[in-house]
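Enquirer: Offset between the sequence shown (1-based) and the numbering used here: plus 752.
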Amino acid sequence: MRPLFLISSKLPANAMAIFPFIILKNKALKVDKVLINHERIHFKQQLELLIIPFYILYLLNYLINLIRYKNHYLAYFNILFEKEAYHFDDDLSYLTHRKVFAWIRFAKKNA
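1. For I803, does the three-state DSSP call read helix, strand or coil?
2. L796 and L847 look like a contact to me (Cβ under 8 Å); what is the Cβ gap, rounded to whole Å?
3. Within the continuous alpha helix (DSSP H) that includes L832, where are the two ends?
4. Where does the unbroken beta strand (DSSP E) through F773 begin, and where does it stop?
5. Between L781 and A767, how many whole angstroms is the CB-CB distance? I'm expecting something under 8 Å.
6. From which residue to which residue does the beta strand (DSSP E) around F757 run?
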């Protein structure tokens, strides 16, 4: 699936995946293959959880991490979905062989 791009200079991050859109901070980021792959990994996660449950689990995981680490950045980087996306974002062929619910294996690394 080809992503639909939106540009928002007010975005607090360089990019964000909200199915079916990848929102970018600026147009030049469209050519950043690693960044786009990271967001496409989030698309797969969102689709396998039927979109809304993904956002609920994402937020719950962030809040639990925030209590655990008492730090926004540590909480964010330890979200299971982010761990998978960051781990594989530079593997541009990852999505061709990714297993369903692959993010679950990162729960073991969180404990």
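Where is the CB? At the ideal position from N, CA and C, for every residue including glycine. Predicted model, so just to flag it, every value in this text is computed and none were measured.
Expert: Quick answer:
1. I803 sits in coil when the DSSP states are folded into three classes, being neither helix nor strand.
2. Leu is not the amino acid found at residue 796; the sequence shown has Lys there. Approximately 6 Å separates the beta-carbon atoms of K796 and L847; this is inside 8 Å, confirming the contact.
3. In this chain, the alpha helix (DSSP H) harbouring L832 covers L832 to F840.
4. From DSSP, the beta strand (DSSP E) with F773 extends over F773 to L776.
5. That belief holds up - the Cβ atoms of L781 and A767 are roughly 6 Å apart, short of 8 Å.
6. Residues L756 to I759.
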